[in-house]
Every structure is written in structure tokens, then in C-alpha cells.
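Taking it in order: structure first as C-alpha cells, then the write-up.
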Amino acid sequence: MAGAVVLAGALLTGGCKTTVNTVERAQPSAQREMVADKRILTDASLARKVYVVGVNEARNDSGVLQIQLEVVNQTRSRQRFTYHVQWFDGAGMQVSSTTGAILPCVIEGRETRFLSAVAPHPACKDFRVQFMESTR
Amino acid sequence: MKRCILALAWLSLAPVVWTGCSSGGARRIDAGGRESITTVGQVDIQDFVAAAEASVGKLLASGALDKVPKPPAILAVSLVRNQTGQQFDTDLLTKKIRVKLNTSGKALTTTTVGLDGVAEDPLAKQLQGEQQKAGVTPDFTLSGKIIETRARAGDVRQSTFSFQLSLTDRRGIALWEGEEEITKQGKRPSVGF
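Top line first, the protein sequences correspond to chains A and B. All you need for our numbering is the position in the first sequence, starting with 1, plus 7. All you need for our numbering is the position in the second sequence, starting with 1, plus 82.
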């Protein structure tokens, strides 16, 4: 009887527990310029589930700063979250953008994803990224 | 007796506290923020915001706007067609892109050059004519389409909105092209992302 219950439970939850397998070059030829980051965690639950592995940055030919965040879903189930990037100039003032989009993201179990953002102005020096659990 | 009165007082306060948290009354929220209503079959304000942000990010990263002899590039907005079943002004997308490009310092938009000779700012065009100044020749034109694709499985509906944009130079070559797709799935509209 107990075995049947466990089997039924496994069948019911199995659909949501699909994880991601990946393959990549063993010795990557590209060198990422990693940023020393500071983290303020107020939602420990989200931080446990969706972990930010690191942030790297680069400037393109026209001097615009681009950042890339590597995030990993540490759980076996699909996670939904939103993120929002803020940009700051050399004086630490937030660079006004018409709309700072709050972007939704879905990440599968054990998946690693890269989130990219491009500064709205070449004068942007710093950034801050906010993560929040999805409301639904 | 005293305890009973206290308990009754607490119970009478409870509905006030609850309604304070879940009031359905009108209030202001952040435009495109986390409390926005997400629909399935329509382009919501947060979709325009996300599409504009992603498009401008990719355009700036491409460096296409730097390929002009005299920066900043001059941009004229051509036709952006709304091919969805919903009626909306495509300026909801193009204006956001224009403002972001203007803020970036990489491009300025002309308001006196428009499709079929129709200027966005007729007075500016008239003044330009009166002063007999040579009109501005844009370095680029921005055109595009917004397309909708629908699917349904039982009660679950799905809509994909494709925001397609092209930046064309004076030679008529699309120097940059971008496409942002936003797919939404659900049975009914809801609040939040």
C-alpha cells in the first residue's frame, strides 16, 4: 500500500522535476572578466534556489558596458523569478532610463543560465541587479 | 469578563485589518511593475517595456549606430506595423526606443522627416522651410512589425508577440535587425509576472 502511494506521488511530481543536462568545452577558450560582487540577501529562500554564480563584464567597441550574470537553479524543479538591472554613472548617480524593465525568467531544474544586460549610456560605470521571486 | 471584552475587541478589529491588506479599490502602481496585470491575448504595458529595453540593449551592443561619419546618428522613424488583433498605437514601442536612444547619446531622432512627407512636428518642418535650410538627411530609418501567433490546448491559451525591428542605412541595407518574442500562457489574466 505504502509503495503504491510513493509511486503515485512520484508520478504526480515527476512532471515538474525534469532537470537539465549540459555539455561544454572542457577548457573554455574565452576568458571572462569576473566582477568582485557584494550581495545583500533578504530572501534566503530565493538565494538558495536561484544562486548567482558570478558576474562578468565587458565593454564593446563603442564603449558601452555589458554585464552577464551566471545563475544556477540549485533545485530539481522549475523556478520563476524576476530581475531588474539599475545603472549608475561615475558619480554614483542612477542613470535615468525611461523604464527600467522588470524581466521575468524561468529556469529549469539544475539549469545554468546567463542573464545579459547592456548599459543605457557609455558613461555607466556601475550596476546593481535585484532578484525577486515571481508573484505567481 | 475582561478577557471576553478584549477578545471581542480583537475580533471586531480583524476585518478592518484584513480589508486593509486586500482592498480592491483603485490605486497607483509602477508602470510595467510587478503588480501589473498580465493578459494572455493582448500586448501589456510590461511587454512593450521589455521589448523596447531588449531591442535597445542589442542595438547599442551591436555598435551599428557608431557607423556614421558624424555621430550621433540621425534616425527617422518609418512604419512599424501592428499586425496583431489588438488595436494600439505603435508609439508605445517606438517612443520608448527613441527616448532610450536619445538618452544613450548614440542617436537623435528627426521630427521633420516622416513617411509620405508627413512630419511628426509640422511646425518644425514649416520653420525649417521658411528659413530655407537644407533638410536633415537621416543616417538611418527604423521600421518594423509586431506579429501575434496564437495557440490553444483545451482551456489553456497561448500568445506569442514578435517585435521585429530593422535599422536601415542610406544605401537601403538593414545594418541591424532585431526580434524580441514574448510568449504568454494561461487561462485568464492575472496580476504579476
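Where a beta carbon is used, it is the ideal one built from N, C-alpha and C, also for glycine.
Query: At 9 Å on the CB atoms, spell out the chain B contacts of methionine 100(A), in chain order.; Result: The contacting residues do not exist; methionine 100(A) stays about 13 Å from chain B at best.
Query: Pair every Cβ in the region 106-119 of chain A with every Cβ in the region 64-76 of chain A, then say whether three or more of these pairs are closer than 8 Å.; Result: no
Query: Residue ranges of each alpha helix (DSSP H) run of no fewer than 4 residues wholly in the region 107-178 of chain B, ordered along the chain?; Result: 127-144
Query: Does arginine 116(B) get closer than 8 Å to chain A when you measure Cβ to Cβ?; Result: yes
Query: Please go through the same chain and pick out, in chain order, the residues whose beta-carbon is closer than 8 Å to the beta-carbon of arginine 253(B), but skip the five residues on each side of it.; Result: none
Query: For a test of the three-state rule: what should DSSP assign to lysine 227(B), helix, strand or coil?; Result: strand
Query: Compute the beta-carbon to beta-carbon distance between arginine 1(A) and glutamine 81(A), rounded to the nearest angstrom, for a pair I have assumed lies under 8 Å.; Result: The structure shown has nothing for residue 1(A), since chain A only spans 8 to 143.
Query: Please confirm if leucine 76(A) has its CB atom under 8 Å from at least one CB of chain B.; Result: no
Query: Would you say isoleucine 135(B) lies against chain A (beta-carbon separation less than 8 Å)?; Result: Reading the sequence as shown, one finds glutamate at residue 135(B) and not isoleucine. Answer yes: the Cβ-Cβ gap between glutamate 135(B) and chain A drops below 8 Å somewhere.
Query: Give the residues of chain B in contact with asparagine 67(A), contact being defined as C-beta atoms less than 9 Å apart.; Result: Leu142, Ala143, Ser144, Gly145
Query: With 8 Å set as the bound, which would you pick, yes or no: does the beta-carbon of serine 186(B) sit closer than that to a beta-carbon of chain A?; Result: yes
Query: If the criterion is Cβ atoms closer than 8 Å, does the pair phenylalanine 245(B) and serine 137(B) meet it?; Result: yes
Query: Name the DSSP beta bridge partners of alanine 189(B), please?; Result: Ala155(B)
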